[in-house]
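Below is one structure, written out as structure tokens; the observations come after it.
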């Protein structure tokens, strides 16, 4: 077991303005289960994308040595040829194709008839059944993928990898969307594969799982390897891993602010939201929170914990259905019938998905700033274009949007400047309550600081600010108070010195464990019935 | 830095005026190849008559295209409205003005129906309008029972073949081959443009913005005025201003105003540029879509009236392929198929290019099958040029 199967040496990968990986070194021994852990955005997925050839050779610096040879992968096919297969977090299966069709997609057993490749379906089905047996799945390979559960879909993904003669299997958050029973089954499967000689890299947030099955754990933080722990050699505890994951010292990455906190300006009570598509699935479960004037309140939680869904459902029902609960603004109960209504009544939400749902990328800075509050510069729905130019220029100056002018299309701006355009739009709608969803995602340090400074100015003016972020240091540095969300519920409220990364992580993990146990109990009860 | 900004500016201007330049070159080309027949007053008049309804449809079609979709039912709606008009006047002998009002109302009702499926049920416009294309074509056949109704009352036919009489000439008893009223209108129009330009410059000055010099404002106005005067002069030498030109002109000015100056116009562009972003900015996307499709059907009704008046009949085959002409006009005029980009001027210029191609090639004696091929190639090359130049500028 001492043979090194994979060694990634001094990998450095840069995106415009961001260094995602900085001299990362990563070693995997043959036949082990190696866990890769770190916060959101620490660089785990980037590292795996480098390995799988998703980022082609040449787009990064450093060497990949696999099975004793240096490898240059230019695409996924290249890495699959030598037996490296990656299973992404979002399942890569096509719902309206059968299990067998999915398993052999791009890898069909075919024989040539002239210029055509004709698929041998009998052979495919035979192989499919074999692979499904290996992962312990007793399904007809002709069943459509949409008709089997998420847990089984994950198994199909693994079977698909097996069909590609996998030697090194990479799984990105394989249990993120699974319930506890399915997770256990999957983990057992992974251990079974280890016995068949398949090496496995698992990316996971669930540290208890990692602790349970991993032979080695590598922690990545801020695009750099912190340390690798080996089972049996190092003492592996969750607290040690967490410390490694979050460990950095707080310097003045965050502008100072003397909080001037006033009375409660915005309050949401007993808020319930159901999934817009899946009948009866509760996305937000009886949540209550409040924000004081002059206060920055953070929403912490892992991906999928419901932070965005909560914010958007409050923002004029922009998400979800069958929404119930009370919204109290400035002491009065209010109702937002739609988004325009929410904006008019002084609530503004700025999306985490800047490019997809935030900016009109083909239009210029000017129009993007004014679009949410055109009536402010219009006389009976005729827009005063000169007034608009004036306004846009003011915001460009105030937020220091670096551009050739207000007529530059937003699609050509850098991430940080795009975010400033978003902020300008938010401010121009003159809100009392501003909800910022991941406002610093993917932008450079300098712009981050500018945005923090700006947030401080806003609360100094007495506005209520809700700050959703996956970067915990940011929440620590900026927030007066933090609500921790997990699985659509607020599980704790932290103030002042209570706000630490360890505490937040710990709360989430404890809650997840508790839920899993309860879930398992209720499941077994269901089965009894 | 300044230099790149300036280079960018000239590039944008070239893109903006590229199609207009193409139009002028095309007109000159046909003027030469037809030994001046193309520029004869009667021919200028004909071009306007022949293309009036396409221009109306192109203006209407720009709105769905701005939101990234198209309306395929346009030709059938034109046909069904013509059929209504025919039956009401020819079979039932109803007065012309009542017929027109009912036709417009019918158009609006058709629009409500279309809008319901697209905006309320959230059906892809391509499918909803495809269905309506079949429905209204069938309905046309049912209403007309497969027959062509002709002739229509002469006052109705006036809509597309009538012109503004030389009232001023008559009033002052001037005997002239030149229609004086037409020239007076043209001059007034030019003066209004100049006043508008100067006024907008004054407003900008009040805000302390940089403005172009008074000289360049005059120069710009002079160029536009020259074009207007040229066309009106040709018209004045023939009969005068056709009513069709008035209809197209009023619609073009109105929709240009809506799209460039009003909140509704902004909302349409925003929905086309990024619908999700527009929604999160508080724009009611369903309302915008509803308005667009009701409007498209309204414009189709107007075009149906103009077209049946021109044919002097209601025919079951009327309007076939009109949607394609309108769509092609918009794309030729620089509209983006994915939405968010396009102008009324562009749609008009695109429509005129198609119309001039038709007319010019007919004068040259090129057969209509070859004409189709040429028009198709022009659309493909023009849009390819647009895409390639955009790619270059984004790199």
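Chains as they are written, first to last, in our numbering: chain A, 29 to 557; chain B, 988 to 1382.
Quick reminder that beta carbons are idealized off the backbone N, C-alpha and C, glycines included.
Excluding the 5 residues preceding and the 5 following residue i in the sequence, name in chain order all residues of the same chain whose CB lies nearer than 7 Å to its CB.
i: residue 557(A); result: Confidence is the limiting factor: at residue 557(A) the pLDDT is only 45, short of 50, which leaves the residue's position unreliable and the question unanswerable from this model.
i: residue 457(A); result: 371, 376, 400, 401
i: residue 454(A); result: 376, 378, 462
i: residue 1165(B); result: 1223, 1224
i: residue 333(A); result: 513, 514, 515
i: residue 1031(B); result: 1218, 1221, 1222
i: residue 1137(B); result: 1299, 1300
i: residue 535(A); result: 512, 519, 520
i: residue 1140(B); result: 1076, 1083
i: residue 1085(B); result: none
Report the CB separation of residue i from residue j in whole angstroms; it is logged as a contact under 8 Å.
i: residue 1309(B); j: residue 1065(B); result: 6 Å
i: residue 382(A); j: residue 447(A); result: 6 Å
i: residue 235(A); j: residue 244(A); result: The Cβ separation is near 14 Å, so there is no contact.
i: residue 13(A); j: residue 471(A); result: Outside the shown range of chain A, which is 29 to 557, sits residue 13(A), and nothing can be said about it.
i: residue 1130(B); j: residue 1177(B); result: Wrong, their Cβ atoms sit about 45 Å apart, outside the cutoff.
i: residue 1362(B); j: residue 1344(B); result: 6 Å
i: residue 479(A); j: residue 451(A); result: 7 Å
i: residue 420(A); j: residue 390(A); result: With a Cβ gap of about 17 Å, residue 420(A) and residue 390(A) do not count as contacting.
i: residue 55(A); j: residue 32(A); result: 6 Å
i: residue 1105(B); j: residue 1115(B); result: 5 Å
i: residue 75(A); j: residue 112(A); result: Actually they do not touch by this definition, with Cβ atoms about 13 Å apart.
i: residue 311(A); j: residue 348(A); result: 6 Å
i: residue 642(A); j: residue 283(A); result: For chain A, the structure presents residues 29 to 557; residue 642(A) sits outside this window and is missing.
i: residue 1051(B); j: residue 1283(B); result: 6 Å
Please state whether DSSP places residue i in a helix, a strand or coil.
i: residue 1332(B); result: helix
i: residue 535(A); result: helix
i: residue 530(A); result: helix
i: residue 82(A); result: coil
i: residue 376(A); result: strand
i: residue 1206(B); result: helix
i: residue 43(A); result: strand
i: residue 317(A); result: strand
i: residue 106(A); result: helix
i: residue 151(A); result: helix
i: residue 293(A); result: strand
i: residue 1180(B); result: helix
i: residue 1006(B); result: helix
i: residue 1079(B); result: coil
i: residue 340(A); result: helix
i: residue 246(A); result: strand
i: residue 204(A); result: coil
i: residue 1254(B); result: helix
Can you list, in chain order, the residues of its chain whose CB lies under 6 Å from that of residue i, leaving out five sequence neighbours each side?
i: residue 464(A); result: 378, 495
i: residue 1142(B); result: 1083
i: residue 335(A); result: 327, 329, 496, 513
i: residue 42(A); result: none
Ignore the nearest five residues each way along the sequence and tell me which others in residue i's own chain have a CB closer than 8 Å to its CB.
i: residue 1012(B); result: none
i: residue 1264(B); result: 1257
i: residue 240(A); result: 215
Strictly by DSSP, which residues pair up with residue i?
i: residue 395(A); result: Residue 395(A) is not bridged to any residue.
i: residue 126(A); result: 172(A)
i: residue 101(A); result: DSSP output for residue 101(A) lists no bridge partner at all.
i: residue 117(A); result: According to DSSP, which records beta bridges pairwise, residue 117(A) is partnered with nothing at all.
i: residue 437(A); result: 392(A)
i: residue 199(A); result: 115(A), 230(A)
i: residue 462(A); result: 376(A), 493(A)
i: residue 36(A); result: 54(A), 92(A)
i: residue 300(A); result: 352(A)
Mind checking whether the beta-carbon of residue i lies closer than 7 Å to any heavy atom of the ligand NAD?
i: residue 157(A); result: Absence of the ligand NAD from the depicted structure is noted, as is the absence of any ligand whatsoever, leaving it without description.
Return no unless some Cβ of chain E is closer than 8 Å to the Cβ of residue i.
i: residue 458(A); result: Annotation note: the requested chain E is absent from the structure, which comprises protein chains A and B.
**Message:** Three or more C-beta pairs under 8 Å: does that hold for the stretch 481-496 of chain A against the stretch 516-527 of chain A?
**Reply:** no
**Request:** Flag this pair as touching only if the stretch 167-174 of chain A and the stretch 119-129 of chain A have three or more C-beta atom pairs under 8 Å; answer yes or no.
**Result:** yes
**Request:** Taking 8 Å as the threshold, find out whether the stretch 352-361 of chain A comes into contact with the stretch 292-302 of chain A through three or more Cβ pairs.
**Result:** yes
**Message:** So, does the stretch 126-146 of chain A touch the stretch 156-165 of chain A, judging by three or more C-beta pairs under 8 Å?
**Reply:** yes
**Request:** Evaluate the contact criterion for the stretch 1056-1064 of chain B versus the stretch 1357-1374 of chain B: three or more CB pairs, one atom per stretch, below 8 Å.
**Result:** no
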